[in-house]
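Keeping their order, the protein sequence lines are chains S and F. Using numbering that gives the first Met the number 0, you'd call the opening residue of the first sequence number 0 and step up by one each time. Using numbering that gives the first Met the number 0, you'd call the opening residue of the second sequence number 0 and step up by one each time. A quick write-up on the structure given underneath.
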Amino acid sequence: MDEPRGQKLDFGQDFKAVKLELQRIRVFDVSIEAKGEVAAFLK
Amino acid sequence: MKDVSSERIFTVMNDRSQGGSALADGTIEFMQNRRIPADDSRGMGEWVNEEDELGNGIRVPATYHVQIFDNSKTANSQRKAQLVIDSPVNYFFTFDEVKWASPSSAEVSTLTADLSAAGVTDLVKFVTIPMSANNIRVRLENTGDFLIKGATTATVDLEAMITALVKENNASPVDFTMSIAEKSTTGNMDIKEM
């Protein structure tokens with residue numbers, strides 16, 4: 000069953016387990032930074 | 000639209016927001032296009048009457064994905080239709096002969112399996128929007144609704160999903176870090192500020 004949303008949505012910052020209730024939309028900005036060999040190449 | 004006394008459901012999906020109603024028993028009306036012949040005296044002084052170069056009303060092509068079914072016997076495919084409409088198959092052609100070498104295992108895409116393992120299953124839709132170099136916006140949506148049997152809260156491992164996308168887009172493994180901030184649905188505010 001779908002989980003009730005409750006009075007206040009829980010905007011927990013656990014990005015390994017993003018909960019999406021039925022018909023729910025969530026939006027994230029993701030920044031990626033290369034390390035090691037690729038980072039050196041980009042410099 | 001669902002029959003209140005049975006499990007019979009009628010769904011229509013198409014590629015635009017659209018008005019629809021059932022004004023009389025046994026009828027369903029959809030507004031394919033709006034066109035009125037005269038001002039309705041509501042203040043605009045100009046009415047909706049889009050015409051082509053010959054003065055005929057414009058043609059408005061639309062495809063309707065219709066399913067009439069018994070929800071106790073047949074799977075509801077409304078949201079699958081939505082995903083197909085939103086992300087149609089893209090075809091690419093080459094006109095020169097290409098001799099493909101057998102790909103090594105590292106070159107075989109594992110994206111579908113990786114996304115599925117991250118929780119991006121059939122009813123979860125995702126959209127990625129490039130914002131700037133190394134920055135993307137990710138929109139996750141659970142398209143499931145209460146009329147789809149078995150549809151439930153989805154749990155997505157966003158970090159694993161991003162890792163899968165990075166892997167797919169780089170020929171060799173990349174060592175990287177990521178930072179994630181949840182935004183409002185419109186994307187203009189951090190969620191923690193709401």
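Ideal Cβ placement from N, Cα and C applies to all residues, glycine included. Quick caveat: nothing in here was measured; it's all calculated off a predicted structure.
- Item | Buried or exposed (CB count within 10 angstroms, at least 16 for buried), LEU53(F) | exposed
- Helix, strand or coil for LEU41(S), going by three-state DSSP, please let me know. helix
- Item | Between the CA atoms of ARG33(F) and SER47(F) - distance to the nearest angstrom | Looking at the sequence provided, one finds Val at residue 47(F) rather than Ser. Their Cα atoms are separated by approximately 7 Å.
- Message: Let's see if you can read the secondary structure: which residues bound the beta strand (DSSP E) around SER104(F)?
- Response: No beta strand (DSSP E) holds SER104(F); DSSP gives it neither H nor E.
- Item | ILE27(F) beta carbon less than 8 Å from that of PHE68(F) | no
- Can a CB atom of chain F be found closer than 8 Å to the CB of ALA39(S)? no
- What do you get for ILE147(F), buried or exposed, if any count of 16 or more other CB atoms within 10 angstroms of its CB means buried? buried
- Task: Using a Cβ cut-off of 8 Å (strictly closer), state whether LYS42(S) contacts chain F.
- Result: no
- Item | Reduced DSSP secondary structure (H/G/I, E/B, other) of VAL83(F) | helix
- Query: Distance, Cα to Cα, PRO36(F) vs GLU140(F)?
  - Reply: 41 Å
- Counting along the chain, where does the beta strand (DSSP E) carrying LEU19(S) start and finish? 17-19
- Item | Neighbourhood of SER71(F) by C-beta, 6 Å cutoff - its chain only, sequence neighbours within 5 removed | GLU6
- Terminal residues of the beta strand (DSSP E) in which MET264(F) lies: Since the first and last residues shown for chain F are 0 and 193, residue 264(F) lies out of range.
- Of the listed residues PRO172(F), ILE190(F), GLU181(F), MET188(F), nearest to GLY35(S) (C-alpha basis): PRO172(F)
- Item | Boundaries (first-last residue) of the alpha helix (DSSP H) holding ASP113(F) | 110-116
- Which residues of chain S have a Cβ atom closer than 7 Å to the Cβ of THR109(F), listed in chain order? Within 7 Å Cβ-Cβ: nothing; THR109(F) doesn't reach chain S, min ~19 Å.
- Task: Leaving aside the five residues before and after VAL119(F) along the sequence, list all residues of the same chain whose C-beta is less than 7 Å from its C-beta, in chain order.
- Result: PHE125, VAL155, MET160
- In the structure shown, what three-state DSSP assignment does MET188(F) receive? coil
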